[in-house]
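In this note's numbering, the protein residues as written are 196 to 576. In this text, a Cβ means the ideal position worked out from N, Cα and C, and glycines have one as well. All values reported here derive from a predicted model rather than from experimental measurement.
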């Protein structure tokens, strides 16, 4: 990919530039906890968006997407939203930087990547992060990684139209090789934990089901969680979110909630604890426990939070009954996307061959197999 970007940059802009990369991410455990101000445990991966940049001495920003073979130009002083969707990520990052009083000059920019599209690996956050990091470094803006993560998040909110949390951008910018990030979604404090499962591989199985229900059901789940918090707040002081609610509290006031509301809240509370338990297991190097927490996460997502689908359940259930897999769960918003799996290296090929054949027979298409390694975050190459 680096060679392709170098060639494209020289072809379109007739010069050389500086090369940067920012990765996609996986989330080991901690799903639907972010908007409930809980904990998540993401890590950057060895699949990234790569970009080459060079100041052009003017006020014009010239952008070329290698993967989509699209080009566009706009002035860094313009406030008119570009028509082309991908260019909005570049435009939005610039606008958010300008809100912070940073002066961005005109530049030439080419990008492409190997983050699989539509697999829930946050290619959009990787793009925002590489744009932000490259511009900040190129023009000496001095923006911190934390500021760049917020800029990426606000770019999504204000210029792309996606009301995302900050986990994806945070992982893309703060990731380190063989480490995952315990992120506190209330305070944005974070801690790195070792993640080097020797003898095991992290493998994603993409169900190839699109998240058609995810947006509408996401809003429903948020409202149900808020309803549960409101019920507990009537009786307990100091409760601001599900982060502050214990299972004992929830069970005490269960009779005042709809059953669905109770189960949604129960999942979030248990999932937060699973993240903390997984981090404690990482400090001991106990990947069996991490795998158990992953299986528990999927059961909760499927039965209590009800954001799975038959294809994801099939993949996770098959993995749970396979001797060489120690952990598996759906990853992401739900209703499609991937499972993330911890597979014994000795069983990897046999498991992949078997699940591919069985899934294809069951659903009429094979899953997409994506091996990933926990790697470094945004960087200059």
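Other residues of its chain near residue i: CB distance less than 7 Å, five sequence neighbours each side excluded
i	result
residue 281	260, 263, 265
residue 491	469
residue 511	493, 523, 524, 525, 534
residue 413	528
residue 267	258, 277, 279, 282
Spatial distance of residue i from residue j (CA atoms)
i	j	result
residue 516	residue 443	32 Å
residue 554	residue 339	44 Å
residue 293	residue 228	32 Å
residue 313	residue 403	8 Å
residue 257	residue 308	18 Å
residue 561	residue 398	15 Å
residue 420	residue 392	34 Å
residue 324	residue 288	9 Å
residue 350	residue 272	16 Å
residue 481	residue 394	12 Å
residue 472	residue 548	32 Å
residue 390	residue 450	41 Å
residue 544	residue 559	21 Å
residue 557	residue 505	10 Å
residue 148	residue 497	Outside the displayed range of the chain (196 to 576) lies residue 148, so it cannot be described from this structure.
residue 270	residue 540	51 Å
Extent of the continuous beta strand (DSSP E) run through residue i
i	result
residue 363	Per DSSP, residue 363 belongs to no beta strand (DSSP E); it is in the alpha helix (DSSP H), 362-369.
residue 456	Taken as a continuous stretch (DSSP letters only), residue 456 belongs to no beta strand (DSSP E), being part of the alpha helix (DSSP H) at 454-479.
residue 401	395-401
residue 377	374-379
residue 382	Careful: residue 382 lies outside any beta strand (DSSP E) and carries neither H nor E.
residue 538	533-539
residue 573	Segment: none, residue 573 is in no beta strand (DSSP E) and carries neither H nor E.
residue 334	Taken as a continuous stretch (DSSP letters only), residue 334 belongs to no beta strand (DSSP E), as it is neither H nor E.
residue 242	237-250
residue 255	255-260
Cβ-Cβ distance between residue i and residue j below 7 Å
i	j	result
residue 526	residue 315	yes
residue 344	residue 239	no
residue 364	residue 236	no
residue 326	residue 357	no
residue 474	residue 369	no
residue 375	residue 485	no
residue 499	residue 530	no
residue 436	residue 306	no
residue 571	residue 372	yes
residue 465	residue 495	yes
residue 218	residue 321	yes
residue 317	residue 220	yes
residue 336	residue 297	yes
residue 249	residue 212	yes
residue 216	residue 479	no
residue 576	residue 214	yes
residue 513	residue 550	yes
Sequence-distant residues of its chain with Cβ nearer than 6 Å to residue i (five each side left out)
i	result
residue 427	434, 440, 444, 448
residue 542	519
residue 401	314, 533, 562, 563
residue 253	301
residue 304	248, 258
Boundaries of the alpha helix (DSSP H) in which residue i is found, first to last residue
i	result
residue 513	505-515
residue 201	197-208
residue 215	Segment 213-222 is the beta strand (DSSP E) holding residue 215; no alpha helix (DSSP H) there.
residue 345	340-350
residue 281	280-294
residue 485	482-494
residue 590	Not covered by the structure: residue 590. The range shown for the chain is 196 to 576.
Chain-order list of residues whose beta-carbon lies under 8 Å from that of residue i (same chain, five-residue window excluded)
i	result
residue 416	227, 459, 500, 502
residue 360	229, 230, 348, 380
residue 452	422, 423, 426, 460
At a cut of 8 Å, does the segment 199-214 reach the segment 233-249 through at least three beta carbon pairs?
yes
So does the segment 530-548 actually touch the segment 376-391, counting three or more Cβ pairs closer than 8 Å?
no
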